[in-house]
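2 protein chains.
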Amino acid sequence: MNKKFALAIHGGAGTITRANMSEEKEIAYRAVLELSLKEGHKILNEGGSSLDAVERAVIILEDSDLFNAGKGSVFNSDGNHELEASIMCGETLKAGAVGGAASIKNPIAVSRKIMNSEYVYLTGKGADEYAEEHGFEQVPNSYFYSDFRFEQWKAAQGSEKMKLDHSVDKKFGTVGAVAVDQAGHLAAATSTGGLVNKKYGRLGDSSVIGAGVYANDTTCAISCTGYGEFFLRGVVAHDISCLMEYKGLSLEEAAQIVINEKQIKLGGEGGIIGVDGLGNVSLVFNSEGMYRGSINQEGNAEVAIYS
Amino acid sequence: MNKKFALAIHGGAGTITRANMSEEKEIAYRAVLELSLKEGHKILNEGGSSLDAVERAVIILEDSDLFNAGKGSVFNSDGNHELEASIMCGETLKAGAVGGAASIKNPIAVSRKIMNSEYVYLTGKGADEYAEEHGFEQVPNSYFYSDFRFEQWKAAQGSEKMKLDHSVDKKFGTVGAVAVDQAGHLAAATSTGGLVNKKYGRLGDSSVIGAGVYANDTTCAISCTGYGEFFLRGVVAHDISCLMEYKGLSLEEAAQIVINEKQIKLGGEGGIIGVDGLGNVSLVFNSEGMYRGSINQEGNAEVAIYS
Numbered sequence: 003m004n005k006k007f008a009l010a011i012h013g014g015a016g017t018i019t020r021a022n023m024s025e026e027k028e029i030a031y032r033a034v035l036e037l038s039l040k041e042g043h044k045i046l047n048e049g050g051s052s053l054d055a056v057e058r059a060v061i062i063l064e065d066s067d068l069f070n071a072g073k074g075s076v077f078n079s080d081g082n083h084e085l086e087a088s089i090m091c092g093e094t095l096k097a098g099a100v101g102g103a104a105s106i107k108n109p110i111a112v113s114r115k116i117m118n119s120e121y122v123y124l125t126g127k128g129a130d131e132y133a134e135e136h137g138f139e140q141v142p143n144s145y146f147y148s149d150f151r152f153e154q155w156k157a158a159q160g161s162e163k164m165k166l167d168h169s170v171d172k173k174f175g176t177v178g179a180v181a182v183d184q185a186g187h188l189a190a191a192t193s194t195g196g197l198v199n200k201k202y203g204r205l206g207d208s209s210v211i212g213a214g215v216y217a218n219d220t221t222c223a224i225s226c227t228g229y230g231e232f233f234l235r236g237v238v239a240h241d242i243s244c245l246m247e248y249k250g251l252s253l254e255e256a257a258q259i260v261i262n263e264k265q266i267k268l269g270g271e272g273g274i275i276g277v278d279g280l281g282n283v284s285l286v287f288n289s290e291g292m293y294r295g296s297i298n299q300e301g302n303a304e305v306a307i308y309s
Numbered sequence: 003m004n005k006k007f008a009l010a011i012h013g014g015a016g017t018i019t020r021a022n023m024s025e026e027k028e029i030a031y032r033a034v035l036e037l038s039l040k041e042g043h044k045i046l047n048e049g050g051s052s053l054d055a056v057e058r059a060v061i062i063l064e065d066s067d068l069f070n071a072g073k074g075s076v077f078n079s080d081g082n083h084e085l086e087a088s089i090m091c092g093e094t095l096k097a098g099a100v101g102g103a104a105s106i107k108n109p110i111a112v113s114r115k116i117m118n119s120e121y122v123y124l125t126g127k128g129a130d131e132y133a134e135e136h137g138f139e140q141v142p143n144s145y146f147y148s149d150f151r152f153e154q155w156k157a158a159q160g161s162e163k164m165k166l167d168h169s170v171d172k173k174f175g176t177v178g179a180v181a182v183d184q185a186g187h188l189a190a191a192t193s194t195g196g197l198v199n200k201k202y203g204r205l206g207d208s209s210v211i212g213a214g215v216y217a218n219d220t221t222c223a224i225s226c227t228g229y230g231e232f233f234l235r236g237v238v239a240h241d242i243s244c245l246m247e248y249k250g251l252s253l254e255e256a257a258q259i260v261i262n263e264k265q266i267k268l269g270g271e272g273g274i275i276g277v278d279g280l281g282n283v284s285l286v287f288n289s290e291g292m293y294r295g296s297i298n299q300e301g302n303a304e305v306a307i308y309s
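So this is what it looks like as structure tokens:
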């Protein structure tokens, strides 16, 4: 016990600039990010596990309608919502994930349950059924409705009906958290509503172990936010871990190579948050902004939005 | 052009022993594996791409009812069939995958189409819709029926109704192919019906880029077969590639570490087939057997089943 603990979170990356942000909106975003950090910190400070901390931090973000995850999830092409989430334990390399869920209030909590089962990855109606059978809160699809997301969807439909949306509102809404606890164990969690107007049961990287999430006590815990197709092809979270494990790079060096060299070469936009076993935090992105924050052992929280 | 080309295939790993194999069955398995190798070799020999070769080799295996992929896919807990497949191009790092598909005759062909679209990973009914809209052959779920699979499912239901099947018939049915072509480009493809009696929309590693499939011209092309949950947690295919890229190991060294050290430590059973840019082939498994084969430039095919 009593190793240096730390927590970092993100609320999505993309074209986030001061020019298209009102003061009220910025205050609201910062308040939720700070609450998420403080709730996670409380758990770590009391000697709780990094898994408990990242799950709690992500639930705060899922329950806010500001971020594209949980309550604030975007519309798919059918006018519905399909949620993805994943969680991984660095000590045991256990992992759990849901994809294409439609009636789960907190996908990250269900992912945690799956992590402790014989399964890793449950999808579609089956994921909803699993959640219901195991007592998790079910919500009607209307729970995810907001005027803002509806208007965003209508705009996406009008411009590029059959395409993934990334031009209408170039913002890769995802939330995530990574932490190292007093016992030195790492954990990572990611949750998203995916891309606006997505169709064909499209999954991105957020529910894919190795791509949008990865944790390993010997290296790091990583949560990603970005254009899912490119992050899948880059196996981003695991790649950062491998650069540390096999090449001896630091977390920051590895993250810089993967996000600012390899992803840019591939055409991928987005970022990552990461923490290593010593409590070092990296917040790396190649987009204009990323909702992000971190908090150290002393409880000093830092929240930022622009680059 | 005219680099050394090679192709390797697998038809699943697990408890496959001479004791539980009849002579007729063994002859039938060998015949399909040899046909798959020869069809793939023909493409490579004529200067075709490794992508064409692995797709063709896998289609032969999907169309046989002997292997748990395509036509021979196992039953899920509802008495239906849900197919997974993935393909990756080592030159471009493009990838395509389907998960939870129910009416696609050849999931690997649809994965190839997705690879060349804006998507990477399509699932459930959406994957079926995508296939139909793009002109791929649709089949009723009864296409996948066979007495053998039905009896296997009934046995699984009787013994452990709610569990993933891996004890009734400890055989991780999956098919896959990897190849390097005359231009030195690598490709990998994997396809499966998943685990017998699976439920909750369970996905394994076969449709997950980095886990059940990976290809990168700078290292190797890998297709996996094994207990999906453990292969997902190990990010197996990408891990082999990273050990080569970042630690300078050979394909065989990297595959041995991942399958015979890391997977065994994690509790995972199964194997991989791999090829590198020089045409070296590795067929590595920690189970009792693996349906497998390889063919070199000269057309010498080798097929094996037991360890």
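From first to last, the protein sequence lines stand for chains D and A.
Here our numbering is used: position 24 in the first sequence is 26, and no number is missing along the way.
Here our numbering is used: position 96 in the second sequence is 98, and no number is missing along the way.
Don't be surprised by glycine CBs; every beta carbon is placed ideally from N, CA and C.
In this text, all values refer to a predicted model and were calculated from it rather than measured experimentally.
Residues in the same chain with beta-carbon distance under 7 Å from A:Ser-309, minus the five sequence neighbours each way, listed in chain order, please.
Numbered from its first residue, the second sequence carries residue 309 of chain A at position 307. Excluding positions up to five away in sequence, the list reads Glu-290, Gly-291.
Show which residues of chain C have a CB atom less than 7 Å away from the CB atom of D:Val-122.
No chain C appears in the structure shown, which is made up of the protein chains D and A.
Quick one: which chain D residues come within Cβ less than 9 Å of A:Ile-259?
Taking the first residue of the second sequence as 1, we reach residue 259 of chain A at position 257. Going along chain D, no residue has its Cβ under 9 Å from A:Ile-259, so there is no contact; the nearest lies around 11 Å.
Helix, strand or coil, according to DSSP, for A:Met-1 in the structure here?
Any property of residue 1 of chain A remains undetermined from this structure, which presents chain A solely from 3 to 309.
Can you give me, in chain order, the residues of the segment 102-134 of chain D that have a beta carbon less than 8 Å from any beta carbon in chain A?
Correct list: Gly-102, Glu-120, Tyr-121, Val-122, Tyr-123, Leu-124, Thr-125, Gly-126, Lys-127, Gly-128, Ala-129, Glu-131, Tyr-132.
Comparing C-alpha positions only, which one of D:Ala-189, D:Gly-49, D:Phe-287 sits nearest to D:Ala-97?
Looking up residue 97 of chain D in the first sequence gives position 95. Checked all of D:Ala-189, D:Gly-49, D:Phe-287; the closest Cα to D:Ala-97 is D:Ala-189.
Just the chain A side, please: which residues come within less than 7 Å of D:Gly-212 by C-beta, in chain order?
As a working note, residue 212 of chain D is residue 210 in the first sequence. Chain A residues near D:Gly-212: Gly-212, Ala-213, Val-237, His-240.
Quick one: what does DSSP say D:Asp-65 is sitting in, helix, strand or coil?
Taking the first sequence and counting its residues from 1, one reaches residue 65 of chain D at position 63. Here D:Asp-65 sits in helix by DSSP.
In or out: D:Lys-6 buried (at least 16 other Cβ within 10 Å) or exposed?
Translated into the one-based positions of the first sequence, residue 6 of chain D becomes position 4. The residue is exposed, with fewer than 16 neighbouring Cβ atoms inside 10 Å.
Our contact map puts A:Leu-245 next to A:Ala-256 with C-beta atoms below 8 Å; I'd like the distance itself, whole angstroms only.
By 1-based counting over the second sequence, the position of residue 245 of chain A is 243. By 1-based counting over the second sequence, the position of residue 256 of chain A is 254. The pair is a contact, with the Cβ atoms about 4 Å apart (cut-off 8 Å).
A:Ala-2: which of A:Ile-224, A:Glu-271, A:Ser-208 sits nearest, CA to CA?
Residue numbering for chain A in the displayed model covers 3 to 309; residue 2 of chain A lies beyond these limits and cannot be assessed.
Along chain D, in chain order, which residues have C-beta atoms closer than 8 Å to that of A:Lys-249?
Walking along the second sequence from the start, residue 249 of chain A turns up at place 247. The contacting residues are Tyr-248, Lys-249.
Quick check for students: name the residue ranges of the beta strand (DSSP E) that lie wholly in the segment 191-249 of chain D, counting only runs of 3 or more.
Those beta strand (DSSP E) runs which fall completely within the segment 191-249 of chain D and span 3+ residues are 215-217, 222-228.
Quick one: is A:Leu-253 near chain D, going by C-beta distance under 8 Å?
By one-based count along the second sequence, residue 253 of chain A stands at place 251. Not one chain D Cβ lies under 8 Å of A:Leu-253.
Closer than 7 Å by C-beta to D:His-168: which residues in its own chain qualify, once you throw out the five before and the five after it? Chain order, please.
Locating residue 168 of chain D in the first sequence gives position 166, counting from the first residue. Low confidence applies here, because D:His-168 scores a pLDDT of 42, under 50, leaving its location unreliable; read the following figure in that light. Closer than 7 Å at the Cβ level, and outside the excluded window around D:His-168, lie Leu-197, Tyr-229.
For a test of the three-state rule: what should DSSP assign to A:Met-23, helix, strand or coil?
Numbered from 1 along the second sequence, position 21 holds the residue referred to as residue 23 of chain A. Reduced to three states, the DSSP call for A:Met-23 is coil.
Over what stretch of residues does the alpha helix (DSSP H) that includes A:Gly-128 continue unbroken?
Counted from its first residue, the second sequence places residue 128 of chain A at position 126. Note, A:Gly-128: alpha helix (DSSP H), 126-135.
Where does the unbroken beta strand (DSSP E) through A:Ser-113 begin, and where does it stop?
Taking the second sequence and counting its residues from 1, one reaches residue 113 of chain A at position 111. Here A:Ser-113 belongs to no beta strand (DSSP E); instead the alpha helix (DSSP H) covers 109-117.
Anything in chain A within Cβ reach of D:Gly-178, meaning under 8 Å, just list it in chain order.
Here residue 178 of chain D refers to the residue found at position 176 when the first sequence is read from its first residue. Residues of chain A passing the Cβ test: none, with the nearest at roughly 18 Å.
Please name the residues in the segment 191-220 of chain D whose beta-carbon is closer than 7 Å to at least one beta-carbon of chain A, in chain order.
Taking 7 Å as the Cβ-Cβ cut-off against chain A, the residues of the segment 191-220 of chain D that qualify are Lys-201, Tyr-202, Gly-203, Arg-204, Leu-205, Val-210, Ile-211, Gly-212, Ala-213.
Between D:Ile-89 and D:Ser-119, is the Cβ-Cβ spacing less than 8 Å?
Position 87 of the first sequence, counting from 1, holds the residue named residue 89 of chain D. Position 117 of the first sequence, counting from 1, holds the residue named residue 119 of chain D. In this structure, D:Ser-119 does not lie closer than 8 Å to D:Ile-89 by Cβ.
Assess, as a yes-or-no matter, whether the segment 50-70 of chain A is touched by the segment 119-131 of chain A under the definition of 3 or more beta carbon pairs within less than 8 Å.
The segment 119-131 of chain A, when compared against the segment 50-70 of chain A, does not touch it at the 8 Å Cβ threshold.
Check each candidate in D:Ser-193, D:Arg-151, D:Gln-159 and name the one with the smallest Cα separation from D:Asn-63.
As a first step, residue 63 of chain D is located in the first sequence; it is residue number 61 there, counting from the start. Sequence inspection shows Leu at residue 63 of chain D; the Asn mentioned does not correspond to that position. Selected option, being the one with the closest Cα: D:Ser-193.
Output yes if chain A places a C-beta closer than 8 Å to the C-beta of D:Leu-95; else output no.
Looking up residue 95 of chain D in the first sequence gives position 93. It does; some Cβ of chain A falls within 8 Å.
Less than 7 Å between the CB of D:Gln-154 and some heavy atom of the ligand ATP, yes or no?
Ligands displayed in this structure: none; no statement on the ligand ATP is therefore possible.
Mapping the DSSP letters down to three states, classify A:Gly-301 as helix, strand or coil.
In the second sequence, counting from the first residue as 1, residue 301 of chain A sits at position 299. Residue state, collapsed to three classes: coil.
Would you call the CB atoms of D:Cys-226 and D:Val-238 closer than 8 Å?
Taking the first residue of the first sequence as 1, we reach residue 226 of chain D at position 224. Taking the first residue of the first sequence as 1, we reach residue 238 of chain D at position 236. A contact, by the Cβ cut-off of 8 Å.
Taking 8 Å as the threshold (beta carbon to beta carbon), is D:Cys-244 in contact with chain A?
As a first step, residue 244 of chain D must be located in the first sequence, where it is residue number 242. D:Cys-244 counts as touching chain A.
Measure the CB-CB distance between D:Ala-30 and D:Ser-296 and report whether it falls below 8 Å.
Here the question's residue 30 of chain D lines up with position 28 in the first sequence. Here the question's residue 296 of chain D lines up with position 294 in the first sequence. For D:Ala-30 and D:Ser-296, no; Cβs fall outside 8 Å.
Checking the sheet assignment: what are the DSSP bridge partners for D:Ile-2?
Residue 2 of chain D is absent from the model: chain D starts at 3 and stops at 309.
Using a C-beta cutoff of 8 Å, does A:Leu-63 count as contacting chain D?
The residue given as residue 63 of chain A occupies position 61 in the second sequence. Taking Cβ atoms only, chain D never reaches closer than 8 Å to A:Leu-63, which makes this a no.
Run down chain D in chain order and give the residues with a C-beta less than 8 Å from the C-beta of A:Leu-268.
For the purposes of this step, residue 268 of chain A is taken as the residue at position 266 of the second sequence. Simply Leu-95.
Starting from the C-beta of A:Asn-78, find all residues in its chain whose C-beta is less than 6 Å away, skip the five residues before and the five after it, and write them out in chain order.
Here residue 78 of chain A is taken as the residue at index 76 of the second sequence, counted from 1. For A:Asn-78, where only same-chain residues beyond five positions count, the Cβ hits under 6 Å are Glu-84, Lys-200.
Going by DSSP, which residues form a beta bridge with D:Ala-179?
By 1-based counting over the first sequence, the position of residue 179 of chain D is 177. Looking at the DSSP assignment, D:Ala-179 forms a beta bridge with D:Ile-11, D:Ala-191.
On the DSSP bridge assignment, give the partners of D:Ala-103 in chain order.
The sequence position of residue 103 of chain D within the first sequence is 101, counting from 1. DSSP lists D:Leu-85 as partners of D:Ala-103.
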